[in-house]
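Novice:
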Amino acid sequence: MPVLSYASFFLVFASIYAIITLGLNLQWGFTGLFNVGVSGFVAIGAYTSALLTARHGWPVAGGLAAAALLSGLAGLFVGTLVLRLRRDYLAITTFGVAVTIQVVANNATRLTGGPFGVQFIPKPMEAWLGTGLRWNLAYLALVLVLLGVIYLALEKLVNSPWGRVLRAIREDEETALSVGKRVFLFRLQSFVMGSMLMGLGGALYAHFLGFIAPDDFLPILTFQMWAMLIVGGAGSNLGALMGAFLVWGFWTVSGGLLRGWIPQADQARAAALQVVLIGLLISGMLVARPRGLFKSKG
Amino acid sequence: MFQVVADGLIIGSVISLGAIGLSLTMAIVRFSNFSHGELLAWGAYLALIVSSLMPSTATPIGPFSFGWGLMVSMFASAAGTALLALLLDTILFRRLRKQGSITLVIASFGAALMLRNVLLFWQGGVPQYYSQNLQIAMPVLPRSFHGGLRFTPDQLLVLVLTMALVTGLHLFLRYSVLGRSMRATALNPALARVTGIDPERVLRASWMMGGALAAVAGVFAGITVQLRPTMGVDLLLPLFAAVILGGIGSIWGAVLGGLLVGLAESASVTLAGAEYREAAAFAVLIVILMVRPNGLFGEKA
Numbered sequence: 061m062p063v064l065s066y067a068s069f070f071l072v073f074a075s076i077y078a079i080i081t082l083g084l085n086l087q088w089g090f091t092g093l094f095n096v097g098v099s100g101f102v103a104i105g106a107y108t109s110a111l112l113t114a115r116h117g118w119p120v121a122g123g124l125a126a127a128a129l130l131s132g133l134a135g136l137f138v139g140t141l142v143l144r145l146r147r148d149y150l151a152i153t154t155f156g157v158a159v160t161i162q163v164v165a166n167n168a169t170r171l172t173g174g175p176f177g178v179q180f181i182p183k184p185m186e187a188w189l190g191t192g193l194r195w196n197l198a199y200l201a202l203v204l205v206l207l208g209v210i211y212l213a214l215e216k217l218v219n220s221p222w223g224r225v226l227r228a229i230r231e232d233e234e235t236a237l238s239v240g241k242r243v244f245l246f247r248l249q250s251f252v253m254g255s256m257l258m259g260l261g262g263a264l265y266a267h268f269l270g271f272i273a274p275d276d277f278l279p280i281l282t283f284q285m286w287a288m289l290i291v292g293g294a295g296s297n298l299g300a301l302m303g304a305f306l307v308w309g310f311w312t313v314s315g316g317l318l319r320g321w322i323p324q325a326d327q328a329r330a331a332a333l334q335v336v337l338i339g340l341l342i343s344g345m346l347v348a349r350p351r352g353l354f355k356s357k358g
Numbered sequence: 298m299f300q301v302v303a304d305g306l307i308i309g310s311v312i313s314l315g316a317i318g319l320s321l322t323m324a325i326v327r328f329s330n331f332s333h334g335e336l337l338a339w340g341a342y343l344a345l346i347v348s349s350l351m352p353s354t355a356t357p358i359g360p361f362s363f364g365w366g367l368m369v370s371m372f373a374s375a376a377g378t379a380l381l382a383l384l385l386d387t388i389l390f391r392r393l394r395k396q397g398s399i400t401l402v403i404a405s406f407g408a409a410l411m412l413r414n415v416l417l418f419w420q421g422g423v424p425q426y427y428s429q430n431l432q433i434a435m436p437v438l439p440r441s442f443h444g445g446l447r448f449t450p451d452q453l454l455v456l457v458l459t460m461a462l463v464t465g466l467h468l469f470l471r472y473s474v475l476g477r478s479m480r481a482t483a484l485n486p487a488l489a490r491v492t493g494i495d496p497e498r499v500l501r502a503s504w505m506m507g508g509a510l511a512a513v514a515g516v517f518a519g520i521t522v523q524l525r526p527t528m529g530v531d532l533l534l535p536l537f538a539a540v541i542l543g544g545i546g547s548i549w550g551a552v553l554g555g556l557l558v559g560l561a562e563s564a565s566v567t568l569a570g571a572e573y574r575e576a577a578a579f580a581v582l583i584v585i586l587m588v589r590p591n592g593l594f595g596e597k598a
């Protein structure tokens, strides 16, 4: 049974990361919008749902919806501000969002609980299923269903006329403009939708663990999501999905091995080494196979 | 009141020096380098390591908290950090240049995490200092006069050295052949190439200069605050805000931008408390993007 319990944990996290990576793929893979503040948008969703359900008695479904909505609003604000400007301004501003959310989460203690975060976040259907393996598996089923729905919806979306315009903009903005497409609006829609998926992912994370703290949303989270997308292949929903499972597997295994090799006293250094490893993975991938593992041509 | 301004100028001079290097690479290599902050951190730590090799030179000179060994180490670290920047370009950025600027941004984000974590692995997370000597701040204005004004000798030295360095850099870019080629490449790379400027040489020079300035900024941050492996990433947002505020590619813009961001940070400490300091740079960034996205001295987007 411990194997099953471990597997359910692993799969829930991988599926949540897959949802976030699909959002990132919509922004970057299909529209060419570079978001360096993924952790910030995830944190907005996680905190929104956690606070509304734990402190104000909202139902979990309402919390999830509000999480997506608020992260989407943050995306709308950032997008409206910078999507008309130089492309890397988006990178800098989203990075600023992540830093600022981190500062607020750590310091606005009355709102966010400060460094200790939010505890006792309701787990959906807990009264009915208990807290053990049964609940984990039920939550896994819920996350998988959401992931499946999102995946299919995105596949439909990117193959629709709307998705074709997105790709046209990504490949050649001038041409898209010249045939009368409102490039800015398309970009904004894609950016907001991607942000909403990140917020939803954050909320799912919060309700699975039952507690969140600012340290759950450090820049390393952004980096992991990028590693997943790049390894899987930006511009392919299947790639984003597979990338999430593969990189999360790589991360879990390498973490386990390093913790085994490095003495207890040096665990902080082991964590540092793990980040270096995944950094090598992402840089090596960019240099050697920039299209990713699952990206088909076109 | 005076103290807020003075503190802002001291934080600002560190930000200015870091921002000049970042602005140069953003204008000449043409991408937003998220690993620039790590060059500051590496510069600070390299100086610490070099100076610890020469313990006999650590006796404080005059009113300062550190010996001449640290100044020597700063030059060694500037050279080392310049090489580190060049190395990063050779093994990573150069190979990706053809794939466009956004791939470079992703790669620099990855490089930043690696550099930071190698530093953390090597030096540990505990804050370190160049010197254990405590400094007493000298009163310049009495406390009764608008809250007064106090400086430590170290802080004054940082201000003076920053101004000297910026002036020297200005003269270099204005009058030397290499400096002029750099400005030409920043303005119009195609035209610069036509007039016979070797773009690779300019690129190498920009990386090295950006690295060296980052190292000095890192040492100054280490002198006035402390050394932490995260000092680089903590300064990254202020650096970007300063570059955009000043206008990409403008040296004096980066200096002024850095000083203004420093002032905003120090004002936010008074207004909202020290813990919201990091958000001040974000506020500056948002305002400048709303009002004047090309920056104060920027040419055009």
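One line per chain: the protein sequences are A and B, in this order. Residue numbers for the first sequence follow the numbering used here, so the first one is 61 and each next one is one higher. Residue numbers for the second sequence follow the numbering used here, so the first one is 298 and each next one is one higher. Ideal placement from N, C-alpha and C gives every residue a C-beta, glycine not left out.
#1: Got a sec? Which residues, its chain only, sit under 8 Å from B:Leu446 by beta carbon, not counting five neighbours each side?
#2: Decide if A:Leu212 is buried, meaning its Cβ has at least 16 other Cβ atoms within 10 Å, or exposed.
#3: Just to make sure I have the definition right: I need the residues of chain A whose C-beta is within less than 9 Å of the C-beta of B:Ile308. Which are they?
#4: Once you ignore the five residues that flank A:Leu71 on each side, which residues in its own chain have a CB closer than 6 Å to its CB?
#5: Under 8 Å, with one C-beta from each stretch per pair, do the segment 352 to 369 of chain B and the segment 100 to 119 of chain A reach the 3-pair mark?
#6: Taking 8 Å as the threshold (beta carbon to beta carbon), is B:Asn414 in contact with chain A?
#7: Can the beta-carbon of A:Gly174 be found less than 8 Å from the beta-carbon of A:Asn166?
#8: Does DSSP put B:Leu586 in a helix, in a strand, or in coil?
#9: Name the DSSP bridge partner or partners of B:Phe448?
#10: Looking at the C-beta of A:Asp276, does it have a partner C-beta in chain B at a distance below 8 Å?
#11: Have a look at the DSSP bridge pairing and note the partners of B:Gln425.
#12: Is the CB of A:Trp321 under 8 Å away from at least one CB in chain B?
#13: Whole angstroms are fine: how far does the CA of A:Gly352 sit from the CA of A:Ala125?
#14: Run through chain B and tell me which residues come within less than 9 Å of A:Trp286, C-beta to C-beta.
#15: How should A:Ser238 be labelled, buried or exposed, when 16 other C-beta atoms within 10 angstroms of its C-beta is the threshold for buried?
#16: Looking at B:Gly366 and B:Thr378, is the spacing between their C-beta atoms short of 8 Å?
#17: Between B:Val474 and B:Ala375, which are expected to be in contact by the criterion C-beta below 8 Å, what is the C-beta distance as a whole number of angstroms?
#18: State yes or no: is the C-beta of B:Ala316 within less than 8 Å of the C-beta of B:Ala551?
#19: Is there a Cβ from chain A that is less than 8 Å from the Cβ of B:Ser332?
#20: Short of 6 Å in beta carbon distance, which residues of its chain neighbour A:Lys357, apart from the five on each side in sequence? Order them along the chain.
#21: Could you name the residues of the same chain whose beta carbon sits closer than 6 Å to that of B:Val566, not counting the 5 residues immediately before and after it, in chain order?
#22: Could you name the residues of chain A that B:Glu575 contacts, counting a contact when the two beta carbons are closer than 7 Å?
#23: Show which residues of chain B have a CB atom less than 7 Å away from the CB atom of A:Asn167.
#24: For the segment 281 to 291 of chain A against the segment 332 to 349 of chain A, do three or more pairs of beta-carbon atoms, one drawn from each stretch, fall closer than 8 Å, so that the two count as touching?
#25: Using a Cβ-Cβ cut-off of less than 8 Å, give me the residues of the segment 94 to 106 of chain A that come near chain B, in sequence order.
#26: Are B:Leu582 and B:Ile541 closer than 8 Å when you measure CB to CB?
#27: Closest by CA to A:Ala332, which one among B:Leu510, B:Gly421 and B:Met528?
#28: In or out: B:Met587 buried (at least 16 other Cβ within 10 Å) or exposed?
#29: Closest by CA to A:Val243, which one among A:Arg115, A:Leu301, A:Leu145 and A:Trp188?
#30: Thinking C-beta only, is A:Thr172 closer than 8 Å to A:Tyr265?
#31: How is A:Ile76 classed by DSSP in three states: helix, strand or coil?
#32: So A:Leu206 and A:Val218 are in contact, right, with Cβ under 8 Å, and what is the actual spacing, rounded?
#33: Buried or exposed: A:Gly117, going by 16 or more other Cβ atoms within 10 Å of its Cβ?
#34: Pick helix, strand or coil for A:Val178, following the three-state DSSP scheme.
#35: Closest Cβ-Cβ distance between B:Pro590 and chain A: below 8 Å?
#36: Strictly below 9 Å CB to CB, what residues from chain B border A:Thr154?
Specialist: According to the structure data:
#1: Within its own chain, the residues whose Cβ lies closer than 8 Å to the Cβ of B:Leu446, once the five positions on either side in sequence are excluded, are Phe299, Gln300, Ala303, Pro436, Val437 and Leu438, listed in chain order.
#2: Classification for A:Leu212: exposed.
#3: The premise fails here: B:Ile308 is roughly 16 Å from chain A at the closest Cβ pair, so nothing lies under 9 Å.
#4: Non-local C-beta neighbours of A:Leu71 in its own chain, meaning closer than 6 Å and more than five positions away in sequence, comprise Leu200, ordered along the chain.
#5: No, because fewer than three Cβ pairs between the segment 352 to 369 of chain B and the segment 100 to 119 of chain A fall closer than 8 Å, the two stretches do not touch.
#6: Yes - at least one Cβ of chain A is within 8 Å of the one on B:Asn414.
#7: A:Asn166 is positioned such that its CB atom lies closer than 8 Å to that of A:Gly174.
#8: Residue state for B:Leu586 is assigned as helix, using DSSP reduced to three classes.
#9: B:Phe448 pairs with B:Met435.
#10: With a threshold of 8 Å between beta carbons, A:Asp276 makes no contact with chain B.
#11: Answer by DSSP bridge pairing, in chain order: B:Leu524.
#12: At a cut-off of 8 Å between beta carbons, A:Trp321 makes no contact with chain B.
#13: Straight through space, the alpha carbons of A:Gly352 and A:Ala125 are spaced by roughly 32 Å.
#14: Going along chain B in sequence order, the residues near A:Trp286 (Cβ under 9 Å) are Ile403, Phe406 and Gly407.
#15: Result: exposed.
#16: B:Gly366 is positioned such that its CB atom lies no closer than 8 Å to that of B:Thr378.
#17: Separation of the CB atoms of B:Val474 and B:Ala375 is rounded to 22 Å, and the pair is thereby denied contact status at 8 Å.
#18: It is a contact, given that the beta carbons lie within the stated cut-off.
#19: Not flagged as an interface residue toward chain A: B:Ser332, since no C-beta distance is shorter than 8 Å.
#20: For A:Lys357, the pLDDT reaches just 46, beneath the cut-off of 50, and the residue's location in the model is therefore unreliable, although a value from the coordinates is still provided. So no residue of the chain qualifies.
#21: Contacts found: Arg574.
#22: Chain A residues near B:Glu575: Val159 and Val163.
#23: Here the neighbours are Glu572 and Tyr573.
#24: Between the segment 281 to 291 of chain A and the segment 332 to 349 of chain A there are three or more C-beta pairs closer than 8 Å, enough to call the two in contact.
#25: Per Cβ criterion, the list reads Phe94 and Val96.
#26: Between B:Leu582 and B:Ile541, the C-beta gap is smaller than 8 Å, which places the two residues in contact.
#27: When each option's Cα is compared against that of A:Ala332, the closest is B:Gly421.
#28: It counts as exposed.
#29: Comparing alpha-carbon positions, the option among A:Arg115, A:Leu301, A:Leu145 and A:Trp188 lying closest to A:Val243 turns out to be A:Leu145.
#30: Against a cut-off of 8 Å, the Cβ pair of A:Thr172 and A:Tyr265 comes out as no contact.
#31: Of the three classes helix, strand and coil, the one that applies to A:Ile76 here is helix, per DSSP.
#32: For a cut-off of 8 Å, the C-beta gap from A:Leu206 to A:Val218 is around 18 Å, too long to register as a contact.
#33: Label assigned to A:Gly117: exposed.
#34: When DSSP states are grouped into helix, strand and coil, A:Val178 belongs to the strand group.
#35: When Cβ-Cβ separations below 8 Å define contact, B:Pro590 makes contact with chain A.
#36: For A:Thr154, there are no C-beta contacts with chain B under 9 Å, since the nearest C-beta of that chain is about 11 Å from it.
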